[in-house]
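Written below as structure tokens is the structure these notes are about.
Number of protein chains: 2
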Amino acid sequence: MKPVGFHQHDHETCKSGGITSAVDYCETRGLQFTPVRRRTLEILLHEHRAMGAYDLLEVLGREGFGSQPPVVYRALEFLVRHGFAHKIERLNAFVGCVHPGADHAPAFLICRQCDAVAETRARPAMALLGDLAGEAGFRVERAVIEAEGLCPNCQEPANPGPESRGKDPK
Amino acid sequence: MKPVGFHQHDHETCKSGGITSAVDYCETRGLQFTPVRRRTLEILLHEHRAMGAYDLLEVLGREGFGSQPPVVYRALEFLVRHGFAHKIERLNAFVGCVHPGADHAPAFLICRQCDAVAETRARPAMALLGDLAGEAGFRVERAVIEAEGLCPNCQEPANPGPESRGKDPK
DNA sequence: ATTAGCATGTTACCTTATAACGTTCGCGAC
DNA sequence: GTCGCGAACGTTATAAGGTAACATGCTAAT
Chain L
373 MKPVGFHQHD
383 HETCKSGGIT
393 SAVDYCETRG
403 LQFTPVRRRT
413 LEILLHEHRA
423 MGAYDLLEVL
433 GREGFGSQPP
443 VVYRALEFLV
453 RHGFAHKIER
463 LNAFVGCVHP
473 GADHAPAFLI
483 CRQCDAVAET
493 RARPAMALLG
503 DLAGEAGFRV
513 ERAVIEAEGL
523 CPNCQEPANP
533 GPESRGKDPK
Chain U
373 MKPVGFHQHD
383 HETCKSGGIT
393 SAVDYCETRG
403 LQFTPVRRRT
413 LEILLHEHRA
423 MGAYDLLEVL
433 GREGFGSQPP
443 VVYRALEFLV
453 RHGFAHKIER
463 LNAFVGCVHP
473 GADHAPAFLI
483 CRQCDAVAET
493 RARPAMALLG
503 DLAGEAGFRV
513 ERAVIEAEGL
523 CPNCQEPANP
533 GPESRGKDPK
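Protein chains in written order, with the working numbering: chain L, 373 to 542; chain U, 373 to 542.
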């Protein structure tokens, strides 16, 4: 059940950090960090990988929250809107955000083997992209940058797929 | 019905160019550029914007091809696999590729107003991204880069949405 | 107490995508 | 020639992702 981040890290800390910074953020702006929203973010942070809305929904349902799609989509919409989570377009899935608050132009590194997702800074790449686009007269408002490949763990031949939780090699 | 490219261009040429280069490519590799595949590409090139699979399917169906989803998804899979078309993840939609063959690390500029999609070179941004990822030990295999914003046409206040074909401003 | 706003829940439905299976056609082996 | 094969196409059925619309309950302001 090891939560596959790219490197060893104190997962408890990164989970609780994500939550407390969401709490703070909401408090200072009068936003309601309600139980579903909180729990949804907790699950995302705990799993530390991209999860489909319906996977989340199943968990929420089992825990006594509503079990219909709008429940989870609304929670996700809130989390994404305020930067506590991100949608991975490539996967139609969601990840919790580990760098709370901050300036946030994230790019994602998606391991095709174990589904782990890491967030990295996209600012430089964004700038370049903005320039290129500018030459064409296009004004960029936001950009999706998602790289797919192999994470450090999965590059070691000894780790063709971390225990049972990995994807089929297909 | 003006096919909204970002700037004026000889649309006929870009259409027929796309087709003939696909024909060539397929010929030299013994690939079958069948009627459905050809027609699917023609439609994409003609429209010159991102189209949903089901939009395409409707057209194909009306023209006497099969009218069930797998028909269009298979054609698209072929076109995408060989680089004749691309999927825009952000939109769950597809565009014809105008730079046939070539080396191809495309980034997309998506106008949120009129749905026009332009392709631009992503190589420099890719390189940057690859470096950043490398620092984290991640090996990038491919990347999705999709910028959303306003195309030159839609930046002019006079063009809040090109005639009837545009999106609702919402 | 009344009203307004927002969050939650539900039902019903739409869109996007794939699995599984049968048929047809072209082609090389025999 | 015809047998067997692989590739493409077609179908039915169903999975997976996402939203519209409406009812209920809480809280906060008047």
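Yeah, the Cβ is synthetic: ideal placement off N, Cα and C, and Gly gets one too.
Taking a C-beta distance under 8 angstroms as the contact criterion, A497(L) and A497(U) qualify as a contact pair.
Separation of the CB atoms of G390(U) and G468(U) is rounded to 6 angstroms, and the pair is thereby assigned contact status at 8 angstroms.
Contact between F510(L) and G521(U) holds, since their C-beta atoms are separated by about 6 angstroms, short of 8 angstroms.
When only Cα atoms are considered, E507(U) and A515(L) end up about 22 angstroms apart. If you check the CB distance, L416(L) and M423(L) come in under 8 angstroms.
When E518(L), E461(L), Q527(L) are compared, the shortest CA-CA separation from T492(L) is found for E518(L). Taking each of P524(U), Q440(U), E419(U) in turn and checking the Cα distance to Y426(U), the smallest one comes out for Q440(U). When only Cα atoms are considered, V470(L) and G455(L) end up about 10 angstroms apart. Taking a C-beta distance under 8 angstroms as the contact criterion, E461(U) and E419(L) do not qualify as a contact pair.
Identification of residues in the segment 441-463 of chain L having a C-beta nearer than 7 angstroms to some C-beta of chain U yields E461, R462, given in sequence order. Under DSSP, C486(U) forms no beta bridge with any residue. The beta carbon of C523(U) sits closer than 8 angstroms to those of V376, F378, L481, C483, Q485, C486, A488, A490, all from its chain and outside the five residues before and after it, given in chain order. For R493(U), the beta-bridge partners assigned by DSSP are P478(U). About 13 angstroms separates the beta carbons of V443(U) and L451(U), which is beyond the 8 angstroms limit, so they are not a contact pair.
Between A477(U) and A494(U), the beta carbon gap of about 5 angstroms places them in contact (Cβ cut-off 8 angstroms). Neighbours of R421(L) in chain U, taken as residues at a C-beta separation under 9 angstroms, are lacking, since the least C-beta distance is about 14 angstroms.
Of all residues in the segment 479-496 of chain U, only A479, L481, C483, R484, A490, T492, R493, A494, P496 place a beta-carbon less than 8 angstroms from a beta-carbon of chain L. Judged by DSSP in its simplified three-state form, H454(U) adopts coil rather than helix or strand. Within chain U, no residue has its CB atom less than 9 angstroms from the CB of R410(L), the nearest being about 28 angstroms off. In the structure shown, the three-state DSSP call for V467(U) is strand.
The bridge partners DSSP lists for K459(U) are F466(U).
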